[in-house]
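Note that my numbering has the sequence shown beginning at 179, numbered continuously upward.
Even for Gly, the Cβ is constructed at its ideal location relative to N, Cα and C.
Being a predicted model, the structure only gives us computed values, none of them experimental.
Since the structure comes first, as structure tokens, the remarks are kept for the end.
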Amino acid sequence: GEGHKFAPWGFKGGQDGQTAELHLIHSDGTSEALTSKVPYHTTDIGDTFLAIGPSAGGYGNALERRAEDVYEDVLDELISVASAERDYGVIISNGKLDMDATAKKRNS
């Protein structure tokens with residue numbers, strides 16, 4: 179339930195989204211994954227809940243997205259440099275968009 183079990187699906191070739199997660203991080207640094215519904219759970223002073231919401235599924239082939247738009251998402255900290263390369267085939271070197279390397283990556 180609540181996006182924890184099934185990822186939101188992609189549309190027209192888009193990748194599926196990510197499922198939600200709920201964790202209890204104890205004050206000693208250990209953590210435990212929790213189910214989507216936790217009616218009662220004992221916590222201690224210093225414990226923290228970490229809730230990660232599900233992401234939406236993608237729309238269309240990510241490799242067809244304009245490299246400049248992906249680069250803007252990196253600059254706006256919406257995605258990481260690693261995600262730009264892994265998910266969109268966009269290469270960013272030394273903080274700059276590398277169109278030649280991007281074309282090679284996307285055509286390989």
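Within a 10 Å sphere around the beta-carbon of residue 260 sit fewer than 16 other beta-carbons, which makes this residue exposed. By the criterion of at least three beta-carbon pairs nearer than 8 Å, the segment 188-207 is in contact with the segment 224-239.
Each of 205, 206, 227 was checked against the Cα of residue 213, and the nearest Cα belongs to 227. In this model, residue 232 and residue 286 are separated by some 31 Å (Cα to Cα). The three-state secondary structure of residue 211, taken from DSSP, is strand. Ranked by how close their Cα comes to the Cα of residue 199, the residues 190, 189, 183 have 183 in first place.
In the DSSP assignment, residue 242 falls outside any beta strand (DSSP E), carrying neither H nor E. Bridge pairing for residue 271: 274 [DSSP].
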